[in-house]
Amino acid sequence: MRITGIAALAGLALGASAVAGVAGPHLRAAGGTISGTITYTGTPPKMKPIDMAKEPTCAKQHATPVMTEGAVTGPGNTLADVVVYISAGDQPGPAPTQPVRYDQKGCQYVPHVAVMQAGQPLEIYNDDETSHNIHPMPKLNSEWNKSQPPGTPPIHTSFDKPEFISVKCNVHPWMHGVFAVLNTSHATVSGADGSFKLEGLAPGHYTVTAWHERFGTQTADVTITGSETQTVKLVFKATPY
Amino acid sequence: MRHHSAVAALAGLGVLLLVTGASTGAAQESHVGNITGHAASGKKLYRRYCVGCHGPDGDGNGENAQWIDPKPRDFTAGLFKCRSTPTGTLPTDQDLFNAMSRGFVTTNMPIWEPLAAQNRADLVAYIKTFSPRFSTEKPGTPITIPPEPAATIEGILRGRATFQKLECWKCHGPAGHGDGPSASTLTDSKDEPIRPYNFAAGVPRFMCGATNQDIYRDFMTGLDGSPMPSFADQLQPSEAWDLVHFLRTLQPLDTPEALIWKQWVATHGSELKPIGPDNGGK
Chain A
1116 MRITGIAALA GLALGASAVA GVAGPHLRAA GGTISGTITY TGTPPKMKPI DMAKEPTCAK
1176 QHATPVMTEG AVTGPGNTLA DVVVYISAGD QPGPAPTQPV RYDQKGCQYV PHVAVMQAGQ
1236 PLEIYNDDET SHNIHPMPKL NSEWNKSQPP GTPPIHTSFD KPEFISVKCN VHPWMHGVFA
1296 VLNTSHATVS GADGSFKLEG LAPGHYTVTA WHERFGTQTA DVTITGSETQ TVKLVFKATP
1356 Y
Chain B
11 MRHHSAVAAL AGLGVLLLVT GASTGAAQES HVGNITGHAA SGKKLYRRYC VGCHGPDGDG
71 NGENAQWIDP KPRDFTAGLF KCRSTPTGTL PTDQDLFNAM SRGFVTTNMP IWEPLAAQNR
131 ADLVAYIKTF SPRFSTEKPG TPITIPPEPA ATIEGILRGR ATFQKLECWK CHGPAGHGDG
191 PSASTLTDSK DEPIRPYNFA AGVPRFMCGA TNQDIYRDFM TGLDGSPMPS FADQLQPSEA
251 WDLVHFLRTL QPLDTPEALI WKQWVATHGS ELKPIGPDNG GK
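Protein chains in written order, with the working numbering: chain A, 1116 to 1356; chain B, 11 to 292.
Put into structure tokens, the structure is as follows:
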């Protein structure tokens, strides 16, 4: 009995940690899963190569120039970097204490979109040889702007109010990222192949919202009755401008 | 029953106040020195002096706004450049009073010093009503600025090394002419193009005040809403003063720092490594 319980908890811990770093302490009994692939119709903008010539310490880290990340797509019209989360039907627990990590590496934000629950700690690292300034530009939370030279400790911060926050570095104008601050820990970001998975859901009626930084939001209603996997179709309308 | 309806009435009034954008209690007042300003009086003054640029809703969309650059401050964001408080925090009433009185040289924001202090305090109280932040948050704690040490060449040289190390030159340029590699790409928090300060400008153009204490505050609190970040986490107070003294040498003014610098450069100038990407031991 005891061994089975621990194995189930371990399995849940693995599953929960797959949910883009928002793993919370409120592990439930094995729950249902919502999964799917994000796709688009229409024509997305073409991503452009970034010229890092003005920052040679970063340019040399990339054998070929990196592309802008405003609309990252894949074969089969899949869409990456879409925040997928439960927007209704979930009782959010207290914010997880495990920090979300955000890196400045090669003069890019890694990951491009960081998902966190409101009040969850965020740690921002500068892995580069150049200074960056971290400049989140929220509308509901407080806007701040701090310099972070190389070799200095990570910046510890958090955001209290749910919001999608644009992040930029003023020194390196091509750097763009997103902090997705949400009211739930059931959240993830679609991968390069557009796939996503939300796990550990108790039976109930849920609304799943998918958010993309250029193409807006799509929603779907899903009912979980036990520990099944429900597949959801979420399609964005892409426009080139 | 009566008790409940009184509570309901108060709740309704609270909602009404929220809906009309007004805030309650202390946020309707300002405290500047021993003057108390009142938003109700400030509103009349605002309609006369400020609304043309800052707009009736305080969002910077006055009818003049389309013709001027930089754009008027959007008070609804609760974001202000010239503060004595850390980045991400609200300014004090004194900060707002000082910014208004000083004006923003080279912009369309005039020097409002000629208005009576009571009037300016009333305007501060009214301006705070445009952002809900002022009713839910206290202003930040003003940073402590230790007494300024006398300028020395050693301090100025340390300040120069800081200017190199913290990469100020990337925006401000190696000689502080506002021509660094990133200068032409800068945008403010409203995505409007903005240039970094050019220390070679003939007349001092510091927007947040022209004293050494003001310059200290510029980089130790950051100019929120602009690309200028806070370096408070990176500098000890003595290092900050060294940087202030070095920055003075970039200006075409006869400050004590500039004179010390000129004398030293005359004999030792060839020892200096240039500021910029080829320096810094990288």
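We put the CB at the ideal spot given by N, CA and C, even for glycine.
Owing to the predicted nature of the structure, the values given are computational and were not obtained by experimental measurement.
Proximity of residue i and residue j at Cβ, strictly below 8 Å
i	j	result
B/Ala-185	B/Ala-161	no
A/Pro-1199	A/Ala-1353	In the sequence as presented, Pro is not what sits at residue 1199 of chain A; that position holds Val. For A/Val-1199 and A/Ala-1353, no; Cβs fall outside 8 Å.
B/Ser-111	B/Arg-227	no
B/Cys-181	A/Val-1286	yes
A/Pro-1318	A/Gly-1341	yes
B/Lys-81	B/Gly-70	yes
A/Ser-1246	A/Gln-1235	no
B/Leu-233	B/Leu-245	no
A/Gly-1189	A/Asp-1275	no
A/Val-1350	A/Thr-1154	yes
B/Arg-143	B/Gly-62	no
A/Leu-1237	A/Ser-1281	no
B/Leu-282	B/Pro-214	no
B/Ile-155	B/Gln-223	yes
Identity of the residues DSSP links to residue i by a beta bridge
i	result
A/Arg-1216	A/Glu-1238
B/Lys-175	In DSSP, B/Lys-175 forms no bridge with anything.
A/Tyr-1155	A/Phe-1351
A/Val-1228	A/Val-1293
A/Val-1337	A/Tyr-1321
A/Lys-1312	A/Ser-1150
A/Thr-1372	A question about residue 1372 of chain A goes unanswered here, because the residues of chain A that appear run from 1116 up to 1356.
A/Gly-1103	Residue coverage of chain A in this structure runs from 1116 to 1356, which leaves residue 1103 of chain A outside it and unanswerable.
A/Lys-1261	A/Ile-1249, B/Ser-240
A/Glu-1278	A/Val-1296
Simplified DSSP assignment, three categories, for residue i
i	result
A/Ala-1135	Confidence is the limiting factor: at A/Ala-1135 the pLDDT is only 44, short of 50, which leaves the residue's position unreliable, though a coordinate-based value still follows. Looking at A/Ala-1135 - three-state DSSP - the assignment turns out to be coil, as it is neither helix nor strand.
B/Gly-78	The amino acid at residue 78 of chain B is misidentified as Gly; the sequence shows Ile. Residue state, collapsed to three classes: coil.
B/Asp-198	coil
B/Asn-222	helix
B/Ile-45	strand
A/Lys-1283	strand
B/Gln-244	coil
B/Trp-122	coil
A/Leu-1194	strand
A/Arg-1143	Residue placement at A/Arg-1143 is flagged as unreliable, the pLDDT there being 49, under the threshold of 50; the coordinate-derived value follows with that caveat. Three-state result, A/Arg-1143: coil.
A/Gly-1331	strand
B/Pro-204	Contrary to the premise, residue 204 of chain B reads as Ile rather than Pro in this sequence. DSSP places B/Ile-204 in coil when its eight states are reduced to three.
B/Phe-2	What is shown of chain B runs 11 to 292, which leaves residue 2 of chain B out entirely.
B/Ile-285	coil
B/Thr-86	helix
A/Tyr-1356	coil
A/His-1250	strand
A/Ile-1201	strand
A/Glu-1302	According to the sequence as given, residue 1302 of chain A is Ala; it is not Glu. Correct three-state label for A/Ala-1302: strand.
B/Ala-276	helix
B/Glu-267	helix
B/Gly-31	Unreliable placement is indicated for B/Gly-31, whose pLDDT of 44 sits below 50; no coordinate value is reported for it.
A/Ala-1123	Low local confidence applies: a pLDDT of 47 at A/Ala-1123 is under 50, so the model's placement there is unreliable, and no value is given.
B/Ile-155	coil
B/Glu-39	strand
B/Glu-249	helix
B/Leu-10	For chain B, the structure presents residues 11 to 292; residue 10 of chain B sits outside this window and is missing.
Proximal residues of chain A, C-beta to C-beta of residue i below 7 Å
i	result
B/Phe-241	Ser-1262
B/Gln-244	Ser-1262, Pro-1264, Thr-1267
B/Pro-191	Lys-1169
B/Leu-89	Glu-1258
B/Lys-180	Val-1286
B/Glu-73	The contacting residues do not exist; B/Glu-73 stays about 25 Å from chain A at best.
B/Leu-176	Ser-1246, Ser-1262, Pro-1264
Partners in chain B for residue i, counting only beta-carbon separations shorter than 8 Å
i	result
A/Gly-1252	The amino acid occupying residue 1252 of chain A in the given sequence is Met; Gly does not appear at that position. By Cβ distance, chain B contributes Ser-199.
A/Thr-1067	Only positions 1116 to 1356 of chain A appear in this structure, which leaves residue 1067 of chain A out of reach.
Amino acids of chain A, ordered along the chain, whose beta-carbon sits closer than 8 Å to that of residue i
i	result
B/Asp-234	Glu-1258, Trp-1259, Asn-1260
B/Thr-195	Pro-1288
Where residue i meets chain B, residues with beta-carbon distance less than 7 Å
i	result
A/Thr-1212	Neighbours of A/Thr-1212 on chain B: none; closest Cβ ~22 Å, over 7 Å.
A/Asn-1241	Chain B residues near A/Asn-1241: none, gap ~11 Å exceeds 7 Å.
A/Asn-1248	Pro-239
A/Thr-1354	Per Cβ cutoff of 7 Å: no residues; A/Thr-1354 is ~20 Å from chain B at best.
Chain-ordered neighbours of residue i on chain A, where CB pairs are closer than 9 Å
i	result
B/Asn-281	Before going on, a small fix: residue 281 of chain B reads as Glu here, not Asn. By Cβ distance, chain A contributes nothing, its closest Cβ being about 25 Å from B/Glu-281, past 9 Å.
Proximity test, residue i beta-carbon vs the ligand COA heavy atom, cut-off 7 Å
i	result
B/Thr-151	With respect to small molecules bound, the structure shown includes none, and the ligand COA cannot be examined in it.
query = Listed from N- to C-terminal order along the chain, which residues in the segment 131-152 of chain B have their beta-carbon within a distance smaller than 7 Å of any beta-carbon of chain A?
reply = none
Interface positions of the segment 97-112 of chain B facing chain A (Cβ-Cβ less than 9 Å), listed along the chain = Those would be Thr-97, Gly-98, Thr-99, Leu-100, in chain order.
message = Please list, in chain order, the residues of the segment 1272-1297 of chain A that have any C-beta partner in chain B closer than 8 Å.
response = Asn-1285, Val-1286, His-1287, Pro-1288
ask   = Listed in chain order, which residues of the segment 1182-1197 of chain A have Cβ atoms closer than 7 Å to some Cβ of chain B?
value = none
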